[in-house]
Amino acid sequence: MFGPARPHWLEQASNAFRRRPKDHAQSKWSSPPMRMYANAIYYPNYRASIECPPSSLRCDIISHIFYAFAAISESGEVYLDNHETDCNISIDGTQGCLRALAQLKSRYGHLKLILSVGGAKGNKTAFSNASSDESRRSRFAMSARCLVDRYYFDGIDVDWEHPENWEGENYVQLMACLRYHLPAPRYIVSTALPAGEWVLSRYDLPRLASSIDFLNLMAYDFTGDWGDPKISGHHAQLYANHGGGSTHPAIDYILGKGFPPNKILLGCPCYGWSFLNCNNINQPCENCGGAGGAFDYKDLPRPGTQECVDEGPVAAFCVGGDGGFVTYDNVDTVAAKAG
1 MFGPARPHWL EQASNAFRRR PKDHAQSKWS SPPMRMYANA IYYPNYRASI
51 ECPPSSLRCD IISHIFYAFA AISESGEVYL DNHETDCNIS IDGTQGCLRA
101 LAQLKSRYGH LKLILSVGGA KGNKTAFSNA SSDESRRSRF AMSARCLVDR
151 YYFDGIDVDW EHPENWEGEN YVQLMACLRY HLPAPRYIVS TALPAGEWVL
201 SRYDLPRLAS SIDFLNLMAY DFTGDWGDPK ISGHHAQLYA NHGGGSTHPA
251 IDYILGKGFP PNKILLGCPC YGWSFLNCNN INQPCENCGG AGGAFDYKDL
301 PRPGTQECVD EGPVAAFCVG GDGGFVTYDN VDTVAAKAG
């Protein structure tokens, strides 16, 4: 087995993950059903125009959809920067992805739709400017509220990657301003942060908790296609048995600050990082396979490889084929994280 049998935070923190059907029903880590606070997904709008329209989502088992991503204008207002996909394309028998999502919401009464702002490619300078004083924070929040109301969202999510040390106070105040303009329980306010004390220590987590409904903890990208040389590793491991970043200490740090565990959504990746010419972790690598160094989860394990699980850190991988060493989460590792 891996580490503590059932860490205390796993009893209460929930997960956000989905996979194509596979024979994992008898996972060695399976346990009796437990209450799920939320089963959420990030849904990037570019997927709608490729191969994954809203109608393909399993909304019978999804509670929250974070629609990604809106952007921030130079004046500090939130706006839709992919208007063609969001509002115009023909999809699911209607016009625009937002209308298609609204159709899902009318069909599934439990479903909540949240507009996510920013993302990994979001404008850090725009976030910095929008949070820099009270009037700019209010402009940001009011523009977010307008979009939420206009397109029948249930709330707003801030994915600012990442506020610097000196921006921590402005970030916390920005979330408080959003809460003021989008009050509970009518609206949901959430934010995404990486699972690393190196970032989490910048913010007043108890104050942040008072303003948000969910903290979307990005418990992945502990390794990837960066560095010179790149070093193979598990990119979403629960425990750092072999070194590197991991989820468990980040959760312990957050809870140690008094953050409510039922507000934590434990993020799991739907992709795997590839390290060519590697067959294990902690090996140097010059190149990565896949698009941008990664493979979509639906394409894993790679053809001609066998999927394995490293039980100590709780991490899935496959070796060989066109991906070399590919690190990701599978049904078994996610089930283990969920308890």
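In this text, residue positions in the sequence shown follow full-length UniProt numbering: the first is 1, and each later residue adds one. Beta carbons: idealized from backbone N, C-alpha and C, even for Gly. The structure displayed is predicted, hence computed values, not measured ones.
query                                                                                                                                                         : result
Among the residues of its own chain, which have a CB less than 6 Å from the CB of T247, if the five just before and after it don't count?                     : A195, A219 and L238
Near N82, which residues of its chain fall below 6 Å by C-beta distance, leaving aside the five closest residues on each side in sequence?                    : N45
Since T305 is in the alpha helix (DSSP H), which residue starts that stretch and which ends it?                                                               : Element bounds for T305: n/a, residue is neither H nor E.
Please classify Y152: is it buried, with 16 or more other beta-carbons within 10 angstroms of its beta-carbon, or exposed?                                    : exposed
Where G76 and C268 are concerned, what is the direct C-alpha to C-alpha distance, given to the nearest angstrom?                                              : 31 Å
Measure how close the beta-carbons of A38 and L265 come, nearest whole angstrom, since I'm counting them as under 8 Å.                                        : 6 Å
CA-CA distance, residue 340 and V78?                                                                                                                          : Because the chain here runs from 1 to 339, residue 340 falls outside it and cannot be looked at.
Measure the CB-CB distance between V189 and L200 and report whether it falls below 8 Å.                                                                       : no
What three-state label does DSSP hand residue 383 in the structure shown?                                                                                     : Examination of residue 383 is not possible in this model, given that the chain is present from 1 through 339 alone.
Taking the alpha helix (DSSP H) that Y171 belongs to, which residues open and close that run?                                                                 : G168 to H181
What would DSSP say about F140, mapped onto helix, strand or coil?                                                                                            : helix
Which value, in whole angstroms, describes the spacing of the CA atoms of E164 and L178?                                                                      : 20 Å
Do residue 340 and F222 have their C-beta atoms within less than 8 Å of each other?                                                                           : There is simply no residue 340 to check, as the chain begins at 1 and stops at 339 in what is shown.
Could you say which of E84, K112 and G119 lies nearest to Y187 if we only look at CA atoms?                                                                   : K112
Please report how far the alpha carbon of S31 lies from the alpha carbon of G339, in whole angstroms.                                                         : Confidence in S31 is poor, its pLDDT being 41 and thus under 50, which makes the residue's placement too unreliable to answer from.
Hey, how far is the Cα of P185 from the Cα of T191?                                                                                                           : 16 Å
First and last residue of the alpha helix (DSSP H) that includes F127?                                                                                        : K124 to A130
Is DSSP giving V319 helix, strand or coil here?                                                                                                               : strand
Identify whether A70 lies in helix, strand or coil by the three-state DSSP scheme.                                                                            : strand
Start and end of the beta strand (DSSP E) containing residue 341?                                                                                             : This structure cannot settle anything about residue 341, because the visible part of the chain is limited to 1 through 339.
Unbroken beta strand (DSSP E) runs of length 3 or more, entirely within the segment 32-61: which are they?                                                    : 40-44
Which of helix, strand or coil does DSSP assign to I281?                                                                                                      : coil
At what residue ranges does the segment 215-265 contain a whole run of the alpha helix (DSSP H), taking only runs of 4 or more?                               : 247-256
Any contact between the segment 283-292 and the segment 305-314? By contact I mean 3 or more CB pairs, one from each, below 8 Å.                              : no
Applying the criterion that 16 or more other CB atoms from any shown protein chain within 10 Å of the CB defines a buried residue, is G272 buried or exposed? : buried
Please state whether the Cβ-Cβ distance between A48 and C87 is less than 8 Å.                                                                                 : no
In whole angstroms, what is the alpha-carbon distance linking A316 and E167?                                                                                  : 36 Å
Terminal residues of the continuous beta strand (DSSP E) containing S106?                                                                                     : Note, S106: premise wrong, no beta strand (DSSP E); alpha helix (DSSP H) at C97 to R107.
Across which residues does DSSP place G194 in a beta bridge pair?                                                                                             : The sequence shown places Pro at residue 194, not Gly. DSSP output for P194 lists M218 as bridge partner(s).
Restricting to Cα atoms, I'd like to know which of W198, E134, C52 and A144 is closest to residue 345.                                                        : There is simply no residue 345 to check, as the chain begins at 1 and stops at 339 in what is shown.
Based on Cα-Cα distance, which residue from V148, A126, A144 and A250 lies nearest to L215?                                                                   : A250
Just the Cα atoms here: how many angstroms apart are S63 and L147?                                                                                            : 21 Å
Rounding to the nearest angstrom, what Cα-Cα distance links R136 and M142 in this structure?                                                                  : 10 Å
Who does G272 pair with in a DSSP beta bridge?                                                                                                                : F295
Put D23 into one of helix, strand or coil per three-state DSSP.                                                                                               : The predicted position of D23 is uncertain, since its pLDDT is 40 and thus under 50; no value can be drawn from it.
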